[in-house]
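Q:
Protein chains in written order, with the numbering used here: chain X, 3 to 496; chain A, 31 to 350.
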């Protein structure tokens, strides 16, 4: 008898079939990965389980008993807890207050803080989370630790079934190790865990079983040990992906960018590196190593105190992004929704937002030439949209990222900085973004790419520099790319 | 292909969301026209439009500010200050009328710019900065006028608010011209994109090389200049500078913007919606007056209609 069994689940939204006769089975004391491209129906299936939406058809049983899930409360009462991809902590409250929000111990409207903190302490100990104090405010915690708090919260409801949606999208490898220890403990306690992730290596590391959905339909389920990467990807995308990383070797030219002794108080110090024409420079390191901060300094978002940036032979120390942009730099930040896009603007207006000056004729916008450029970008980057008037917020993650890329590509930058360019994007779209990167450097341009996904950096970069504890940890040539080498450099300055 | 078709065809909900204010305006007009046929007399219509022009100018300026995600509580006070200074100049009949107009606009420009500087560069929240300006500008108005009316304005100046071209009142023409200029700025020039970009996501706008501070400043500047223009028109219409002119006008201006479908969170809205909001408020004032509804009841009815209008809008959009 399975812990959870979902049978013949179907769901359609306004006439569009998002799920069609999907099955899913979860055993006690196991981790079951749910995989598929964005739009495959994973989220909808999990939302049905969490009581956020209702299925049109199908049955759900827990421990062999048929159940009805009509609301999030029903779901909670049945022992189901979901940890969302985007966390929703209350930053000003403590860890304990966040975990027991709305069910604080106490009488007559008063909170019994002593019991609250003791309970939390016990809970964290049970999960072997030792580095977080119950009295710490959430705003003072790293994203990874906030995630652990969410997990602790889920456990505190005595959940038997725990859904984790992309739990590692914002954390580093070391923190992933920590998370996996906790997941392993939960498995030993007999809990069932549904694990949603795009990261193949993690899925194979942690899961016992794997189920793949494609276009809202059930494809197949396997024991994780019985299949490999290639079979999995083939089933997910429904076609052969000859190579996820379509790295094309282009001739490497002269230096475009030289960074010398760049320092910003408390953020990073003495950073030196070069970027050459036609090169993709990968930047690796743990979260908090200062990678994003160095890029922000290059782009004039938070300028460095000391050091030199030399771009195309000229000194460049931008104080505002507009200066960097004028000189031919472009920056695709890691926070696509928060910093890359204007959500209530159309796809077209987002694409041209950074280059409106080029479309000005007699003080007005030349709508015709603007439209031409937009249409060209939509087709050449294969942005899947109903038209340039569609709101950008209604696109999938991968297509949103392409819109951000299009916005910068029409500026014809010489150096493109990409910070976590494929975070939360499905395999198919990832591969397309890699192709766009290759085309870009093939034209004699350069890319700096920050990524926490090691296979991605190793797959795409010509050279990797590793930051460690806000300093330069070292540099690796393509022939020396091995995960262990990168890790060793990443912790070298600790 | 199926998807593309669906996208082009507006659903009933989307249609309602987009045109709710317009339907509201027609309903208000219909009701008053049925109850009081005199409501649709040409004279009354132009009188209504003349009344609407003051709030129209304030509300158009307010739309720029609200689109950037801000708010301007000081437009009524800026109107008062501009009106007084314009009147002080227009009292001297040897000075041409347009000098008085320029002085009024200049005062609006200065005070509006000051708002923008305090908000953009000194980082004071818009609500607080303009709340302060509401008080400061009113104080300046009382000081400049010694709290006395400023009468005896030159004939040329008086034409601005009281004159007609053919049968069309000059204030209505002014509002129409300003509306056209604003529409071009918002929909045809890159400035409009920047306004929407800054209001929709200031961080993304900055990263795209847009000078966010300057754009925000410019919105308050425009609101100030249009409040100055409204001050000139109002002073001319009532034939003297009054220190308390424009008191509480910010509420009707904000109400018109919000009823017109512009989101107070910024980044979303439409300029013609504001104009429709202005007309609804003017029609209510005019129609209820005509039906001899007590002004206390008028306040209550107006308030409820504003809340209902925005409620429809937000209930509609939360359906998505």
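No residue lacks a Cβ here, since even glycine has one placed at the ideal position from N, Cα and C. These numbers come from a predicted model, not from an experiment.
Quick one: is residue 297 of chain X near chain A, going by C-beta distance under 9 Å?
A: So no, residue 297 of chain X is outside the interface.
Q: If you measure from the beta carbon of residue 85 of chain A to each beta carbon in chain X, is any gap under 9 Å?
A: No, residue 85 of chain A lies away from the interface with chain X (no Cβ there is under 9 Å from its Cβ).
Q: Below 8 Å on C-beta distance, what does residue 333 of chain X contact in chain A?
A: Chain A residues near residue 333 of chain X: 237.
Q: Which residue or residues does DSSP assign as beta-bridge partners of residue 197 of chain X?
A: Answer is X/35, X/166.
Q: Applying the 10 Å Cβ sphere with the 16-neighbour rule, what's the burial state of residue 357 of chain X?
A: Classification of residue 357 of chain X: buried, given that the 10 Å Cβ count is 16 or more.
Q: Could you spell out the range, first to last residue, of the beta strand (DSSP E) harbouring residue 220 of chain X?
A: Counting along the chain, the beta strand (DSSP E) containing residue 220 of chain X begins and ends at 219 to 225.
Q: If we cut at 9 Å on Cβ distances, does residue 300 of chain A have a partner in chain X?
A: It does not: the Cβ of residue 300 of chain A has no partner Cβ on chain X nearer than 9 Å.
Q: For the region 353 to 364 of chain X, list every residue whose C-beta sits within 9 Å of some C-beta in chain A, in sequence order.
A: Flagged, chain order: 354, 355, 356, 357, 358, 359, 361, 362.
Q: Say whether chain A places a C-beta atom closer than 9 Å to the C-beta of residue 423 of chain X.
A: No, residue 423 of chain X lies away from the interface with chain A (no Cβ there is under 9 Å from its Cβ).
Q: For residue 273 of chain X versus residue 309 of chain X, is the C-beta distance shorter than 9 Å?
A: Yes, the pair counts as a contact, with Cβ atoms nearer than the cut-off.
Q: Comparing C-alpha positions only, which one of X/201, X/192, X/311 sits nearest to residue 32 of chain X?
A: Measuring from the Cα of residue 32 of chain X, the nearest candidate turns out to be X/192.
Q: Per DSSP, residue 264 of chain A is paired with what?
A: Residue 264 of chain A pairs with nothing; no bridge assigned.
Q: For residue 291 of chain A, which residues in chain X fall below 7 Å Cβ to Cβ?
A: Ordered by position in chain X, no residue passes the 7 Å Cβ test against residue 291 of chain A, which lies about 12 Å from the chain.
Q: Can you tell which of X/125, X/144, X/146, X/145 has the C-alpha that lies nearest to the C-alpha of residue 136 of chain X?
A: Nearest of X/125, X/144, X/146, X/145 to residue 136 of chain X, Cα basis: X/125.
Q: Which residues in the same chain as residue 177 of chain X place their Cβ atom closer than 6 Å to its Cβ, once the five residues preceding and following it in sequence are excluded?
A: Within the same chain, residue 177 of chain X has close Cβ partners 146.
Q: Taking the alpha-carbon positions, what's the residue 389 of chain X to residue 351 of chain X distance?
A: Each residue's alpha carbon lies about 12 Å from the other.
Q: Whole angstroms is fine: what's the gap from residue 292 of chain A's alpha carbon to residue 238 of chain X's?
A: One C-alpha to the other measures close to 43 Å.
Q: Examine chain X for any beta-carbon lying closer than 9 Å to the beta-carbon of residue 218 of chain A, and answer yes or no.
A: Closer than 9 Å: yes.
Q: Applying the criterion that 16 or more other CB atoms from any shown protein chain within 10 Å of the CB defines a buried residue, is residue 60 of chain A buried or exposed?
A: Residue 60 of chain A comes out exposed.
Q: Determine the contact status of residue 450 of chain X and residue 318 of chain X, defining contact as a CB-CB distance below 9 Å.
A: Going by C-beta atoms, residue 450 of chain X is not nearer than 9 Å to residue 318 of chain X.
Q: Are residue 216 of chain X and residue 240 of chain X closer than 9 Å when you measure CB to CB?
A: In this structure, residue 240 of chain X lies closer than 9 Å to residue 216 of chain X by Cβ.
Q: Note down the Cα distance separating residue 252 of chain X from residue 416 of chain X, rounded to an integer number of angstroms.
A: Distance between the alpha carbons of residue 252 of chain X and residue 416 of chain X is about 15 Å.
Q: Can you pull out the residues from the region 175 to 196 of chain X whose beta carbon lies closer than 8 Å to at least one beta carbon of chain A?
A: Hits within the stretch: zero.
Q: State the beta-bridge partners of residue 113 of chain X as determined by DSSP.
A: Per DSSP, none; premise fails for residue 113 of chain X.
Q: Taking only beta-carbon positions, decide if residue 458 of chain X is within less than 9 Å of chain A.
A: So no, residue 458 of chain X is outside the interface.
Q: Helix, strand or coil for residue 331 of chain X? Go by DSSP, reduced to three states.
A: Of the three classes helix, strand and coil, the one that applies to residue 331 of chain X here is strand, per DSSP.
Q: If you run the structure through DSSP and keep just helix, strand and coil, what is residue 421 of chain X?
A: It is a strand residue.
Q: What residues are listed by DSSP as bridge partners for residue 276 of chain X?
A: Answer by DSSP bridge pairing, in chain order: X/260.
Q: Give the C-beta separation of residue 129 of chain X and residue 187 of chain X to the nearest angstrom, bearing in mind that I take them to be a contact with Cβ-Cβ under 8 Å.
A: Contact flag correct, Cβ pair sits at about 7 Å.
Q: Could you tell me the distance, in whole angstroms, from the CA atom of residue 209 of chain A to the CA atom of residue 82 of chain A?
A: Distance between the alpha carbons of residue 209 of chain A and residue 82 of chain A: 13 Å.
Q: Within 9 Å of any Cβ in chain X, is that where the Cβ of residue 59 of chain A sits?
A: No, residue 59 of chain A does not count as interfacial toward chain X.
Q: Give a yes or no on whether the minimum CB-CB distance between residue 397 of chain X and chain A is below 9 Å.
A: Judged by the 9 Å Cβ criterion, residue 397 of chain X is not in contact with chain A.
Q: Against chain A, with Cβ distances strictly below 9 Å, would residue 115 of chain X count as a contact?
A: Output row for residue 115 of chain X: interface = no.
Q: Please return the same chain residues whose Cβ sits closer than 8 Å to the Cβ of residue 48 of chain X, not counting the five positions on each side in sequence.
A: For residue 48 of chain X, where only same-chain residues beyond five positions count, the Cβ hits under 8 Å are 36, 84, 165, 167, 196, 198.
Q: Which residues, in order along the region 218 to 239 of chain X, keep a beta-carbon less than 9 Å from a beta-carbon of chain A?
A: Result list empty, no residue passes.
Q: For residue 419 of chain X, which residues from the same chain have a beta carbon less than 6 Å from its beta carbon, with the 5 sequence-adjacent residues on both sides left out?
A: Contacts found: 297, 333, 450.
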